[in-house]
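A short worksheet on the structure shown next.
Numbering (our numbering), first residue to last: 8 to 679.
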């Protein structure tokens with residue numbers, strides 16, 4: 008070789024080394040992956056990931072040339088992959104051969120250069136398999152290949168515009184409307200101007216079969232046909248509530264595709280829609296989750312044959328690859344709505360948004376307003392929902408049971424805010440008495456032969472110093488000012504004898520703590536009764552039943568500095584200009600400390616003393632919504648340290664323990 012050749016080789020090696028070092032720094036800075044200088048069995052290959060177009064099959068072919076590959080991990084959307092060889096010698100051989108090697112991506116025709124580093128171990132935590140959004144179903148192979156061909160041929164994209172339908176070419180797809188035109192300028196349909204001709208005749212048999220199989224309850228009268236070329240998609244959206252009824256069905260023709268669903272709390276689910284499959288969206292998946300198709304030419308899918316069938320795409324780094332998109336046509340059928348939507352998701356419902364702003368109460372500015380707010384949005388609500396509420400309160404929480412079981416035999420215990428008395432009968436060796444602001448809930452305690460009476464937690468008619476212990480479970484978060492919340496804690500302390508103990512639970516602002524989601528956030532797919540259980544299963548107050556989102560960030564402005572100055576100082580910080588209380592969204596993180604939480608009273612649930620025939624409808628159905636009034640309850644959710652700070656501001660008690668228990672902040676107090 009000439010000296011010029013040696014110089015070129017030297018420059019190339021320097022460039023490879025420089026890129027190697029840059030890849031090391033990038034992996035460490037962004038992913039926390041440390042590269043090492045000595046040889047191991049494991050390599051990280053930069054520029055060879057799903058995120059920059061390398062498929063699993065191509066990468067396997069490349070790395071298998073140098074030895075037995077034990078593991079190949081390809082994280083989703085990342086520009087690198089990990090490979091583990093059977094021996095260090097094989098890994099060293101691949102390291103020497105592939106570093107700086109230029110390869111052409113099979114699917115893109117683009118040249119890339121590989122940069123290799125050794126790593127000690129490959130530790131990649133796979134995402135937990137996700138379930139389908141509630142109310143969503145995918146039925147595979149609902150039509151034959153011949154039926155698919157006939158349906159595709161029935162749509163003329165090339166000929167003159169048909170007078171019986173409206174054809175549009177949008178930024179990311181071609182669209183045809185039948186029955187009614189969907190207007191993208193206002194995201195609605197003109198219900199008084201049906202398109203002539205109705206739906207294509209070929210769709211009638213298909214829809215009749217869907218009705219027969221129970222996939223839909225009403226025959227659709229509107230059809231939107233979308234055609235997507237590779238690289239095209241549809242933005243995330245919720246079909247307008249006022250435009251269409253509950254069920255929306257979509258048939259995938261010509262090719263499979265991955266559709267992305269997103270809950271208001273940010274939780275996303277990628278779902279494979281195979282060719283000739285039917286997507287059915289109803290209830291929560293139709294009304295609350297957005298759905299869309301990301302414009303791209305490739306989808307990340309499960310590499311195994313099983314994974315390519317219908318279902319969610321789980322981020323299993325050992326089983327992901329790229330799938331080239333083909334031209335896909337969707338037939339989406341809807342039933343035009345003839346009356347306003349009355350769903351249980353008002354914050355994302357255009358029919359109810361105007362009404363919601365009119366009835367939402369404001370944040371209280373003084374004692375009188377606070378008392379009035381609690382009367383309307385706590386006391387009256389629980390009198391109305393007492394029977395239904397009690398039917399969802401039956402499972403005591405372990406740490407509360409533990410507190411009661413450790414009390415000495417014969418202890419006198421007050422359950423302030425006892426609800427239906429769930430904890431009054433836990434320990435037969437205790438003398439327990441309960442009290443609650445709701446007469447109907449106290450009556451339920453009486454039916455169970457528990458001792459309970461009606462009173463306010465701010466003024467409990469029990470002699471001072473007469474109790475060995477008190478519990479206050481999910482009560483104090485219903486008081487609407489810092490002063491009133493502190494007063495309830497002071498009242499608990501008054502009841503205790505010196506050395507007496509109190510256990511307090513309040514709902515936490517932090518529903519995700521130490522990288523763990525609370526049971527409340529996790530249980531999106533539980534039964535409706537489960538949904539309506541307080542996330543700790545506690546007795547006094549309900550958590551979220553069917554709640555709606557509101558992105559307002561206003562709240563108790565004093566919460567951040569609560570009790571920092573002195574125990575007697577109140578909260579005179581002013582709330583933001585728009586002081587209306589937001590309505591929360593079911594199973595989502597909190598965006599405000601002061602909010603309204605809906606309770607959806609089930610159809611057929613009777614109030615005490617009434618006789619109502621039991622009627623059962625699917626949750627979220629139109630019939631269910633019409634029979635089920637929604638009540639809003641006021642809550643102040645506590646931020647970390649807030650409850651403990653309030654307790655420490657009292658001279659008469661000592662905080663013995665504080666902890667987080669499944670979405671609640673909890674404190675154990677001792678009377679001094």
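Glycine is no exception: its CB is placed at the ideal position from the N, C-alpha and C atoms.
Shortest alpha-carbon distance to residue i belongs to which of the options?
i	options	result
residue 660	283, 234 and 675	675
residue 414	369, 380 and 477	477
residue 688	65, 592 and 243	Summary: the structure shown does not reach residue 688, with the chain confined to residues 8 through 679, and so no result is reported for it.
residue 454	426, 117, 474 and 435	426
residue 142	489, 292 and 439	292
residue 160	208, 77 and 117	208
residue 402	429, 409 and 423	429
residue 437	220, 410, 463 and 444	410
residue 283	268, 388 and 157	157
residue 655	496, 442 and 668	496
residue 337	181, 104 and 95	181
residue 162	647, 184 and 374	184
residue 245	220, 255 and 238	255
residue 372	487, 433 and 206	487
residue 31	11, 53 and 19	53
residue 108	199, 165 and 22	22
residue 147	189, 652, 287 and 358	287
So is residue i buried or exposed if we call it buried at 16+ other beta carbons inside 10 Å?
i	result
residue 233	buried
residue 483	buried
residue 345	exposed
residue 664	exposed
residue 417	exposed
residue 296	buried
residue 196	buried
residue 84	exposed
Helix or strand or just coil, what does DSSP make of residue i?
i	result
residue 267	strand
residue 639	strand
residue 671	strand
residue 736	A question about residue 736 goes unanswered here, because the residues of the chain that appear run from 8 up to 679.
residue 386	helix
residue 41	coil
residue 218	helix
residue 652	helix
residue 430	coil
residue 523	strand
residue 237	coil
residue 118	strand
residue 79	strand
residue 309	strand
residue 439	strand
residue 678	strand
residue 59	helix
residue 467	coil
Below 6 angstroms CB to CB, which residues in the same chain sit around residue i once its five sequence neighbours on both sides are set aside?
i	result
residue 608	392, 395, 635 and 636
residue 92	48, 74 and 98
residue 383	none
residue 597	516 and 644
residue 577	With a pLDDT of 35 at residue 577, under the threshold of 50, the predicted position of this residue should be treated as unreliable, and no value is reported.
residue 34	40
Identify, in the order they occur along the chain, each residue of the same chain with its Cβ nearer than 7 angstroms to the Cβ of residue i, setting aside the five sequence neighbours on each side.
i	result
residue 718	Outside the shown range of the chain, which is 8 to 679, sits residue 718, and nothing can be said about it.
residue 494	465
residue 642	484, 485, 514, 602 and 604
residue 650	511, 513, 672 and 674
Which residues in the same chain have their Cβ closer than 8 angstroms to the Cβ of residue i, if we skip the five residues on either side of it in sequence?
i	result
residue 474	419, 420, 421, 502, 503, 504 and 507
residue 238	302, 303, 304 and 332
Would you kindly report the start and end of the unbroken beta strand (DSSP E) that includes residue i?
i	result
residue 259	255-260
residue 422	419-423
residue 288	285-288
residue 505	503-514
residue 609	Here residue 609 belongs to no beta strand (DSSP E), and DSSP marks it neither H nor E.
residue 158	No beta strand (DSSP E) contains residue 158, which is instead part of the alpha helix (DSSP H) from 152-160.
residue 330	327-331
residue 109	109-111
residue 279	275-280
residue 294	First-last for residue 294: 291-294, but that is the alpha helix (DSSP H), not the beta strand (DSSP E).
The alpha helix (DSSP H) with residue i in it runs from where to where?
i	result
residue 453	446-454
residue 49	From DSSP, residue 49 is part of no alpha helix (DSSP H) but of the beta strand (DSSP E) over 49-53.
residue 67	63-70
residue 406	405-412
Does the ligand FAD have even one heavy atom less than 7 angstroms from the beta-carbon of residue i?
i	result
residue 9	Judged by which ligands are present, the structure shown has none, so any question about the ligand FAD falls away.
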